[in-house]
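The block underneath contains the structure these notes are about, expressed in structure tokens.
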Amino acid sequence: KQEVTQIPAALSVPEGENLVLNCSFTDSAIYNLQWFRQDPGKGLTSLLLIQSSQREQTSGRLNASLDKSSGRSTLYIAASQPGDSATYLCAVRGWDSNYQLIWGAGTKLIIKP
Amino acid sequence: DGGITQSPKYLFRKEGQNVTLSCEQNLNHDAMYWYRQDPGQGLRLIYYSQIVNDFQKGDIAEGYSVSREKKESFPLTVTSAQKNPTAFYLCASSGQHNQPQHFGDGTRLSIL
Numbered sequence: 001k002q003e004v005t006q007i008p009a010a011l012s013v014p015e016g017e018n019l020v021l022n023c024s025f026t027d028s029a030i031y032n033l034q035w036f037r038q039d040p041g042k043g044l045t046s047l048l049l050i051q052s053s054q055r056e057q058t059s060g061r062l063n064a065s066l067d068k069s070s071g072r073s074t075l076y077i078a079a080s081q082p083g084d085s086a087t088y089l090c091a092v093r094g095w096d097s098n099y100q101l102i103w104g105a106g107t108k109l110i111i112k113p
Numbered sequence: 114d115g116g117i118t119q120s121p122k123y124l125f126r127k128e129g130q131n132v133t134l135s136c137e138q139n140l141n142h143d144a145m146y147w148y149r150q151d152p153g154q155g156l157r158l159i160y161y162s163q164i165v166n167d168f169q170k171g172d173i174a175e176g177y178s179v180s181r182e183k184k185e186s187f188p189l190t191v192t193s194a195q196k197n198p199t200a201f202y203l204c205a206s207s208g209q210h211n212q213p214q215h216f217g218d219g220t221r222l223s224i225l
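Heads up: the protein sequence lines correspond to chains D and H, in order. Residues 1 to 113 in the working numbering are what the first sequence spells out, letter by letter. Residues 114 to 225 in the working numbering are what the second sequence spells out, letter by letter.
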């Protein structure tokens, strides 16, 4: 059964730093992997989606990588800003279970001004 | 603007009462989902629907019911059989499997 883990659960860094968020999964047979952002009391916003055949995706200051063989994905945030403060969740879509998403519990990121 | 609308934003349930959460999308997506989010946990799938008039149970369907009579609408009923309904409920939709899910702003359900 696929399991998705995000460590650490919380992270606090000064503004301007580059940082990496981690996501690990136990079954490498995935269809795609997605990174989402959630602001307090809000829904989720899709940030990046990486297909199983891809190694990375970029959007602005965000770069997500995927290494299926090691069961890992990282979300790199360059030049962090206070507005980046949010909870970041990753989700893996498998080839079975009707392509359902399996979710990590998220990393709560705080960027200190 | 296309998107997903969930209502109400806050909902209170009395013991023994059924309550219905609304979810409407104008993205022309075939698939719709209901998730439950509890503090410190990942999202858990309650029900999903890949086409009108068809839906499947997710991991935690007990105590919940849904309908999908229209492509745009996927309401969730939290029945009195759900003994621990206090949570944040999120509705999502998607097109093809290789496309991201889009989410509404959620409904927070509490017990009176």
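Each residue gets a CB set at the ideal place from its N, CA and C atoms; glycine is no exception. Just so you know, these numbers come straight off a predicted model, no measurement behind them.
Exercise. With burial defined as no fewer than 16 other Cβ atoms inside 10 Å of the residue's Cβ, what is the status of D:A79: buried or exposed?
Worked result: The sequence position of residue 79 of chain D within the first sequence is 79, counting from 1. Per the 10 Å Cβ criterion, exposed.
Problem set entry | Neighbour flag for H:G208 against chain D, beta carbons, 8 Å | In the second sequence, the residue the question calls residue 208 of chain H occupies position 95. False, the Cβ-Cβ gap to chain D never drops below 8 Å.
Problem set entry | chain H residues whose Cβ lies nearer than 8 Å to that of D:A105 | In the first sequence, counting from the first residue as 1, residue 105 of chain D sits at position 105. Those within 8 Å of D:A105 in chain H are G153, Q154, G155.
For this session: Run down chain D in chain order and give the residues with a C-beta less than 7 Å from the C-beta of H:F216.
Result: Locating residue 216 of chain H in the second sequence gives position 103, where the first residue counts as 1. Simply G43, L44.
For this session: Please say whether H:K184 and H:V165 have beta carbons closer to each other than 8 Å?
Result: Here residue 165 of chain H refers to the residue found at position 52 of the second sequence. Here residue 184 of chain H refers to the residue found at position 71 of the second sequence. Yes, Cβ-Cβ distance for H:V165 and H:K184 is below 8 Å.
Problem set entry | Residue span of the beta strand (DSSP E) that contains H:V132, given as start and end | For the purposes of this step, residue 132 of chain H is identified with residue 19 of the second sequence, where counting begins at 1. Counting along the chain, H:V132 sits inside the beta strand (DSSP E) bounded by residues 132-138.
Exercise. When DSSP labels each residue in this structure, what does D:P82 get in the three-state scheme?
Worked result: Stepping through the first sequence from its first residue, residue 82 of chain D is reached at position 82. Here D:P82 sits in helix by DSSP.
Problem set entry | 8 Å Cβ cutoff, D:I4 in contact with chain H | In the first sequence, residue 4 of chain D corresponds to position 4, counting from 1. Looking at the sequence itself, residue 4 of chain D is Val, so the reference to Ile does not match. Yes, because at least one Cβ of chain H sits closer than 8 Å to the Cβ of D:V4.
Problem set entry | Where D:N22 meets chain H, residues with beta-carbon distance less than 7 Å | Stepping through the first sequence from its first residue, residue 22 of chain D is reached at position 22. Result: empty, since nearest Cβ-Cβ is about 15 Å, beyond 7 Å.
For this session: Check D:A9 in the structure and name its three-state DSSP category.
Result: For the purposes of this step, residue 9 of chain D is taken as residue 9 along the first sequence, with counting starting at 1. Coil.
Problem set entry | Beta-carbon proximity check, H:T192 vs H:I224, cutoff 8 Å | Residue mapping note: residue 192 of chain H aligns to position 79 of the second sequence, counting from 1. Residue mapping note: residue 224 of chain H aligns to position 111 of the second sequence, counting from 1. No; because the gap between Cβ atoms is not below 8 Å, this pair is not in contact.
For this session: Please compile the residues from chain C whose C-beta is within a distance smaller than 9 Å of the C-beta of D:Q51.
Result: Among the chains of the structure shown, chain C does not appear; the protein chains present are D and H.
Exercise. Under three-state DSSP, which class holds H:R157?
Worked result: For this step, residue 157 of chain H is matched to residue 44 along the second sequence. Strand at H:R157.
Exercise. Would you say H:L124 and H:T220 are within 8 Å of each other, going by their C-beta atoms?
Worked result: On the second sequence, position 11 is the one that residue 124 of chain H refers to. On the second sequence, position 107 is the one that residue 220 of chain H refers to. Yes, these two residues count as a Cβ contact at 8 Å.
Exercise. Taking Cβ-Cβ distances shorter than 8 Å, what residues in chain D pair up with H:G219?
Worked result: Here residue 219 of chain H corresponds to residue number 106 of the second sequence, with the count starting at 1. Here the neighbours are G41, K42, G43.
Problem set entry | Option nearest D:T5 by Cα separation, candidates D:I110, D:S85, D:I77, D:R72 | Here residue 5 of chain D corresponds to residue number 5 of the first sequence, with the count starting at 1. For D:T5, the closest alpha carbon among the candidates D:I110, D:S85, D:I77, D:R72 is that of D:R72.
For this session: Show which residues of chain H have a CB atom less than 9 Å away from the CB atom of D:Q100.
Result: Along the first sequence, one-based indexing puts residue 100 of chain D at 100. Within chain H, the residues near D:Q100 are Y146, L158, Y161, G171, D172.
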